[in-house]
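In the working numbering, the protein residues as written are 51 to 580.
No residue lacks a Cβ here, since even glycine has one placed at the ideal position from N, Cα and C.
Each remark here refers to the structure printed beneath this line.
Shown next as structure tokens:
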């Protein structure tokens with residue numbers, strides 16, 4: 051379910067293991083997931099494209115830039131689907147309405163908005179980590195009589211393909227996260243007037259994008275991408291490596307902050323280590339704040355653009371034109387000092403009693419994260435004994451290996467919850483896709499009808515996640531509201547849905563060792579001859 055990188059990678063890994071009957075189902079008209087839907091001006095990956103875009107070596111492709119733009123990434127998704135024949139049985143422009151377990155036939159029944167009733171032995175939920183656009187809970191949200199849209203559903207019919215129709219427009223954008231940072235410079239260059247409404251400033255470091263060096267690309271040796279992906283994962287998840295192959299602002303973090311490394315304890319007292327991390331974090335944020343002063347000319351605007359929180363409270367951003375945008379005469383930063391927009395009226399936005407008249411209002415307010423899983427997918431998953439996933443996860447996410455959950459046999463839920471820590475999500479998706487495909491192929495080869503996470507294994511995995519997330523959860527409570535603490539709700543449910551914290555590649559290593567053992571420990575096996 052889902053034809054973004056998660057669904058595509060699951061399909062690819064199944065194909066490679068000889069599984070022929072694979073169907074992708076997606077509400078979009080093509081594959082690509084987030085890269086199908088998100089087409090706002092300036093969209094690009096914020097992780098180096100040579101490690102972000104999967105299967106480059108297998109498809110003989112090298113991205114044109116260090117940080118590829120959205121259309122190139124979308125085209126790569128299509129390339130993957132064509133190469134591995136995943137379009138063949140795909141059902142696109144199809145919305146799943148319900149997935150229900152048939153205990154008599156050991157099959158999942160998938161009902162759609164087209165009246166389909168498909169039957170599948172295995173289901174992989176690859177709906178994406180950020181799939182449901184989020185609108186802010188602002189008074190008068192529907193009152194605005196001008197034109198309004200969310201960045202993930204950019205309205206080029208209104209703005210023009212090159213934003214030329216904004217030349218006489220007063221445009222407001224709510225939100226200053228990763229999406230806004232990419233599209234604000236383009237809006238500023240096109241609109242008569244641009245108002246940027248900020249709740250919390252992002253930390254914006256150097257991106258330094260550049261075209262791919264053709265000579266470098268021609269000398270890449272076999273295995274180059276896997277080596278680069280692993281190197282990036284190690285360096286960005288707190289490890290050490292002899293060489294930094296990516297050498298960008300992401301990988302410089304642990305290089306500059308050695309106390310952040312997982313192997314940097316050296317027997318240091320935890321309290322002392324915590325103190326050292328705070329000092330190192332402060333130094334990094336001072337560097338970010340100094341960059342603002344060095345670029346933004348108006349002192350008051352510069353001060354408002356400086357992030358005041360810890361470095362990892364929010365996902366760091368990287369851009370070379372965003373801060374410079376606030377030196378333009380047609381751009382106004384409206385800083386709400388953490389309170390957000392007061393209300394929306396029929397003619398614009400009100401902040402601190404001051405009205406801002408607008409022709410167009412754009413919501414760069416991100417996606418739902420941390421809400422009930424089935425609320426985000428838009429349909430319910432109903433497992434054994436009629437138990438819904440919403441019921442099973444009422445007190446928090448419960449999985450074994452970050453993929454499977456009790457009462458939902460033959461079902462794999464690709465998610466960041468209870469899975470390995472990474473800033474490069476396709477890396478994690480591939481780890482999970484490889485694991486799910488292996489289990490499916492193993493079961494099909496042996497005629498096994500059901501593979502289900504054992505309750506004891508699920509509980510043990512949950513306990514491990516909660517225990518390991520203690521330090522992170524404590525830190526999250528001191529952070530500004532955002533994705534990482536469920537908008538300030540750093541409670542036990544948040545801890546239970548956190549990453550599987552550990553050494554940089556520990557999660558992937560655990561799954562790989564488990565497959566090598568071949569005993570399917572932690573799963574209940576029914577039917578066949580295991």
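Quiz item: Would you call residue 366 buried or exposed, if buried means 16 or more other Cβ atoms sit within 10 Å of its Cβ?
Solution: By the 10 Å Cβ count, residue 366 comes out buried.
Quiz item: Across which residues does DSSP place residue 248 in a beta bridge pair?
Solution: Under DSSP, residue 248 shares a beta bridge with 385.
Practice problem: Within the same chain, show all residues whose beta-carbon is closer than 7 Å to that of residue 401, passing over the 5 residues directly before and after it, in chain order. | Solution: Answer for residue 401: 247, 384, 386, 391, 392, listed in chain order.
Quiz prompt | 8 Å contact criterion, which residue 283 and residue 557 should meet: CB distance rounded | solution = No, residue 283 and residue 557 are not in contact; Cβ-Cβ is about 10 Å, not under 8 Å.
Quiz item: In chain order, which alpha helix (DSSP H) runs of at least 4 residues are fully inside the stretch 406-457?
Solution: Here the runs fully enclosed are 423-427, 439-442.
Quiz prompt | Buried or exposed by the 16-neighbour rule on C-beta atoms within 10 Å, applied to residue 344 | solution = That one is exposed.
Exercise. Classify residue 102 as helix, strand or coil using the three-state DSSP reduction.
Key: Look at residue 102 here: in three-state DSSP terms it is helix.
Exercise. Starting from the C-beta of residue 563, find all residues in its chain whose C-beta is less than 8 Å away, skip the five residues before and the five after it, and write them out in chain order.
Key: Nothing meets the Cβ criterion.
Practice problem: Just mark residue 180 as buried or exposed, buried being the case when its beta carbon has 16 or more other beta carbons within 10 Å. | Solution: Its Cβ being crowded by 16 or more others within 10 Å, residue 180 is buried.
Quiz item: Any idea what DSSP makes of residue 563, helix, strand or coil?
Solution: In this structure, residue 563 counts as helix in the three-state DSSP scheme.
Quiz item: For residue 149, which beta-bridge partners are listed by DSSP?
Solution: Looking at the DSSP assignment, residue 149 forms a beta bridge with 160, 431.
Quiz item: If you follow the beta strand (DSSP E) that residue 573 is part of, which residue opens it and which one closes it?
Solution: First-last of the beta strand (DSSP E) with residue 573: 573-576.
Quiz item: Helix, strand or coil: how does DSSP classify residue 502 here?
Solution: Note: residue 502 maps to strand in three-state DSSP.
Quiz item: Taking all protein chains shown into account, do 16 or more other C-beta atoms lie within 10 angstroms of the C-beta of residue 152, making it buried, or fewer, making it exposed?
Solution: Around the beta carbon of residue 152, fewer than 16 other beta carbons lie within 10 angstroms, which makes this residue exposed.
Quiz prompt | Distance between beta carbons of residue 451 and residue 492, contact taken as under 8 Å | solution = Not confirmed; about 14 Å, so no contact.
Quiz prompt | DSSP beta-bridge partners of residue 399 | solution = Partner(s): 394, 406.
Self-check item: Nearest-angstrom beta carbon gap, residue 79 and residue 142 [assumed within contact, 8 Å]
Solution: Rounded, the Cβ-Cβ distance is 6 Å, consistent with contact.
Self-check item: Buried versus exposed call for residue 200 [16 or more other C-beta atoms within 10 Å across all chains shown]
Solution: Per the 10 Å Cβ criterion, buried.
Quiz item: When the distance is taken between beta carbons, is residue 85 closer than 7 Å to residue 120?
Solution: Yes, these two residues count as a Cβ contact at 7 Å.
Quiz prompt | Which of helix, strand or coil DSSP assigns to residue 490 | solution = Here residue 490 sits in helix by DSSP.
Quiz item: Which class does residue 211 belong to by DSSP, given the choice of helix, strand or coil?
Solution: Coil.
Quiz item: Near residue 379, what residues of its chain come up, given a Cβ to Cβ distance below 6 Å and the 5 sequence neighbours on each side ignored?
Solution: Counting only Cβ-Cβ distances below 6 Å, and skipping sequence neighbours, we find nothing.
Quiz item: Beta carbon of residue 386: closer than 6 Å to some heavy atom of the ligand GDP?
Solution: This structure simply doesn't include the ligand GDP, nor any ligand for that matter.
Quiz item: residue 331: buried (16+ other C-beta within 10 angstroms of its C-beta) or exposed?
Solution: Burial call: buried.
Self-check item: Coil, strand or helix - residue 173 by DSSP
Solution: DSSP places residue 173 in strand when its eight states are reduced to three.
Quiz item: residue 173: which of 51, 99, 140, 286 sits nearest, CA to CA?
Solution: When 51, 99, 140, 286 are compared, the shortest CA-CA separation from residue 173 is found for 51.
Quiz prompt | Three-pair Cβ contact test at 8 Å for the stretch 497-508 versus the stretch 566-577 | solution = Put simply, the stretch 497-508 touches the stretch 566-577. At least three CB pairs are less than 8 Å apart.
Exercise. To the nearest angstrom, report how far apart residue 396 and residue 241 are at their CA atoms.
Key: Residue 396 and residue 241 have their alpha carbons spaced roughly 20 Å apart.
Quiz item: If residue 191 and residue 131 are in contact, beta carbons under 8 Å, what's the gap, nearest whole angstrom?
Solution: Between residue 131 and residue 191 the Cβ distance is about 37 Å, and since that is not below 8 Å, they are no contact.
Self-check item: Inter-stretch contact at 8 Å, needing at least 3 Cβ pairs: the stretch 337-351 / the stretch 204-220
Solution: Between the stretch 337-351 and the stretch 204-220, the count of C-beta pairs closer than 8 Å stays below three; the two stretches do not touch.
Self-check item: DSSP state of residue 124 mapped onto helix, strand, coil
Solution: Note: residue 124 maps to helix in three-state DSSP.
Quiz item: Is residue 233 helix, strand or coil when you go by DSSP?
Solution: Of the three classes helix, strand and coil, the one that applies to residue 233 here is helix, per DSSP.
Quiz item: What are the boundary residues of the beta strand (DSSP E) that includes residue 462?
Solution: Bounds of the beta strand (DSSP E) holding residue 462 are 461-463.
Quiz item: Run through DSSP, which three-state label would residue 52 get?
Solution: In this structure, residue 52 counts as coil in the three-state DSSP scheme.
Quiz item: DSSP state of residue 343, grouped into three classes?
Solution: Three-state result, residue 343: helix.
Quiz item: Does residue 166 have its Cβ less than 7 Å from a Cβ in chain C?
Solution: Absent from the structure is chain C; it holds one protein chain and no more.
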